[in-house]
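Working notes for the structure below.
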Amino acid sequence: MTGTSRRIFMRGVAASAAAAFAGPVSAQNLVDTIIGSPGRSSWGDQFDAQVSSGGRVASTRPTLHPDTVHFLNQAIADYSRIASSGGWPTVPATKKLQLGVVDPDVELLRRRLMISGDLSTRAGMSPAFDSYVDAALKRFQARHGLPTDGVTGQYTYSALNVSAPVRLQQLETNLARLREGTGRSLGQRFVMVNIPAAEIEAVENSRVVLRHTAIVGKVDRQTPILSSNINEIILNPYWNAPVSIVRRDIIPLMRENPNYLADNNIRLIAPDGSEVDPMTVDWSTDEATRYRFRQDPGEINAMASVKINFPNQHAVYMHDTPQKQLFRDQERFHSSGCVRVQNVRDLVTWLLRDTPDWGRRQIETTIQSAEDVHISLADAVPVHFVYISAWSSGDGAVHFRDDIYGRDGASELQISTAL
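All letters in the sequence shown, in the order written, are residues 1 to 419 by the working numbering.
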């Protein structure tokens with residue numbers, strides 16, 4: 001390490017040092033370890049990709065599993081030590097750091113990733129953004145539900161610079177949620193929707209057999225926390241617009257474009273079941289809320305090919321969507337409360353596994369027919385909508401997600417709404 005690099009590092013190291021990923025380490029031991037680490041020029045072949053990994057991020061263990069509570073308690077102990085030792089340094093969010101960049105801020109990034117266990121102290125100190133920092137940053141991004149591109153964009157900087165005490169508070173807040181979630185009978189087979197993660201797990205025999213990216217409710221139209229039983233699958237469903245959507249969305253759209261209903265295959269149905277001509281409705285008032293808005297099955301149907309039903313007081317459900325490009329978004333909080341499921345036919349096939357005559361081929365054939373078909377599950381499958389924004393999957397991997405609905409008590413955790 002050069003004299004300049006050493007001074008840059010030492011200015012903040014006393015306040016930043018904490019436990020390394022391999023287990024509890026005193027702050028002074030971490031300082032000594034980093035200072036004694038080799039410079040980049042003296043690395044040998046013994047440095048491989050493993051020096052950038054504090055453990056696997058992916059796991060087949062369900063989020064709602066008793067072991068998660070145990071691992072989260074361990075994470076709380078580790079983050080308590082990190083916070084009490086001064087936390088980690090702030091990495092200035094002023095530059096695009098990525099593979100190949102040489103910049104003094106990379107040393108701050110290295111220290112930040114070492115303290116959180118994403119980068120081994122054996123990787124040494126250097127202003128060079130090398131393959132080890134690249135692997136470590138991708139690991140950090142994976143733990144925070146961010147695209148693993150190895151680039152310090154605005155979401156990555158925001159996640160890096162949430163302070164250790166705030167992360168500790170987030171872990172403690174979620175410990176209570178996990179204890180409640182795992183302290184009840186979940187079912188041998190169940191579906192979990194984690195709202196802040198915008199992710200779905202299909203669980204069987206204490207193992208995640210399917211994971212699906214989800215789209216959940218907007219801040220002003222939140223997906224509720226609930227537990228129920230999936231009892232029905234509808235293929236090629238009609239979509240009946242809730243009154244809230246009629247009032248907030250459809251009526252304003254009709255005022256702008258009188259052909260909106262016709263363009264979207266939406267029929268206006270009177271209480272007696274007769275169809276109403278939209279041109280006879282006064283759209284400058286709320287008269288339209290007296291009618292039912294029913295969208296025909298088809299490619300542009302709001303639920304696309306599938307609706308997954310379960311009894312609940314919130315009138316929400318899970319479904320397919322024609323807007324599949326939204327699953328690629330970093331922020332997947334676009335719905336009016338219901339949950340959209342990527343690759344939903346895989347989930348439906350799993351749900352209908354024990355329902356006679358409803359294998360994947362029959363599901364696909366029926367969807368192609370465009371016929372509205374209701375299927376009752378032979379055995380209802382429990383479903384749980386939960387709000388878990390921090391957890392640990394073991395192997396040193398502590399996960400954090402955006403507190404999209406502001407339930408964790410710290411504004412800096414609401415990254416999506418702040419950017």
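Don't be surprised by glycine CBs; every beta carbon is placed ideally from N, CA and C.
Could you give the residue range of the beta strand (DSSP E) that holds Ala198?
Segment: none, Ala198 is in no beta strand (DSSP E) and carries neither H nor E.
Rounded to a whole number of angstroms, what is the C-alpha to C-alpha distance between Ile34 and Pro127?
Here Ile34 scores only 44 on pLDDT, less than 50, and its place in the model should not be relied on; the value that follows carries that caveat. Rounded to the nearest angstrom, the two C-alpha atoms are 14 Å apart.
Distance, Tyr157 Cα to His374 Cα
47 Å
Runs of beta strand (DSSP E) lying entirely within the region 84-123, each at least 3 residues, in chain order:
none
Looking at Trp283 and Ile251, is the spacing between their C-beta atoms short of 8 Å?
Yes.
Could you say which of Val203, Ile195, Glu232 lies nearest to Arg340 if we only look at CA atoms?
Ile195
Just to confirm, is the Cβ distance from Ile215 to Phe327 under 8 Å?
yes
Please state whether DSSP places Leu186 in a helix, a strand or coil.
Leu186: coil per DSSP, three-state reduction.
In whole angstroms, what separates the C-alpha of Ala135 from that of Gly394?
Ala135 and Gly394 have their C-alpha atoms roughly 19 Å apart.
Closest residue to Asp320 among Leu347, Arg294, Ala75, Asn312 (Cα-Cα distance)
Closest by alpha carbon: Leu347.
Local conformation of His144 per DSSP, three classes
coil
By the DSSP assignment, the alpha helix (DSSP H) with Gln295 in it spans what residues?
No alpha helix (DSSP H) holds Gln295; the beta strand (DSSP E) holding it covers 292-295.
Contact check, Tyr291 vs Ile266 under 8 Å by CB: the rounded distance?
Contact doesn't hold; Cβ gap of about 11 Å is too wide.
Start and end residues, beta strand (DSSP E) containing Asp379:
373-386
Can you tell me whether Ala315 is buried or exposed? The criterion is at least 16 other CB atoms within 10 Å of its CB, across all chains shown.
exposed
DSSP has Thr213 in a bridge; who is on the other side?
Glu199
Could you check which residue in Leu175, Asp130, Ile115 has the C-alpha nearest to that of Ser392?
Of the candidates Leu175, Asp130, Ile115, the one whose C-alpha sits nearest the C-alpha of Ser392 is Leu175.
Whose C-beta lies closer than 6 Å to the C-beta of His144 among residues of the same chain, with five residues either side of it excluded?
Ala159, Phe400
Hey, quick one: how far does the alpha helix (DSSP H) through Glu232 stretch, first residue to last?
Premise fails: Glu232 lies in the beta strand (DSSP E), 226-235, not in any alpha helix (DSSP H).
Under the rule that 16 or more other beta-carbon atoms within 10 Å means buried, what is Ala288, buried or exposed?
buried
Residues in its own chain within less than 8 Å of Glu299 by CB, not counting five upstream and five downstream?
Closer than 8 Å at Cβ, skipping near neighbours: Pro322.
In the DSSP assignment, find the beta strand (DSSP E) that holds Ile308 and state where it starts and stops.
306-309
Between Thr309 and Trp239, how many whole angstroms is the CB-CB distance? I'm expecting something under 8 Å.
Per the sequence shown, the amino acid found at residue 309 is Asn instead of Thr. Under the criterion of beta carbons closer than 8 Å, Asn309 and Trp239 do not qualify as touching, at roughly 13 Å.
Rounded C-alpha distance that separates Pro147 from Gln330:
7 Å
Going by C-alpha distance, which of Asp130, Val106, Ser85 is nearest Gly100?
Out of Asp130, Val106, Ser85, the CA that lies nearest to the CA of Gly100 is found in Asp130.
What residues are listed by DSSP as bridge partners for Asn240?
Arg294
Would you list the one or two residues that DSSP bridges to Val191?
Ala202, Val383
Which two residues bound the contiguous beta strand (DSSP E) that contains Ile266?
Its beta strand (DSSP E) spans residues 266-269.
Distance, Cα to Cα, Gln325 vs Ser85?
44 Å
Where do the N-terminal and C-terminal ends of the alpha helix (DSSP H) with Ser336 fall, by residue?
Segment: none, Ser336 is in no alpha helix (DSSP H) and carries neither H nor E.
Spatial neighbours of Met254 in its chain, beta-carbon cut-off 6 Å, leaving aside the 5 residues before and after
Taken in chain order, the residues that qualify are Tyr260, Trp283.
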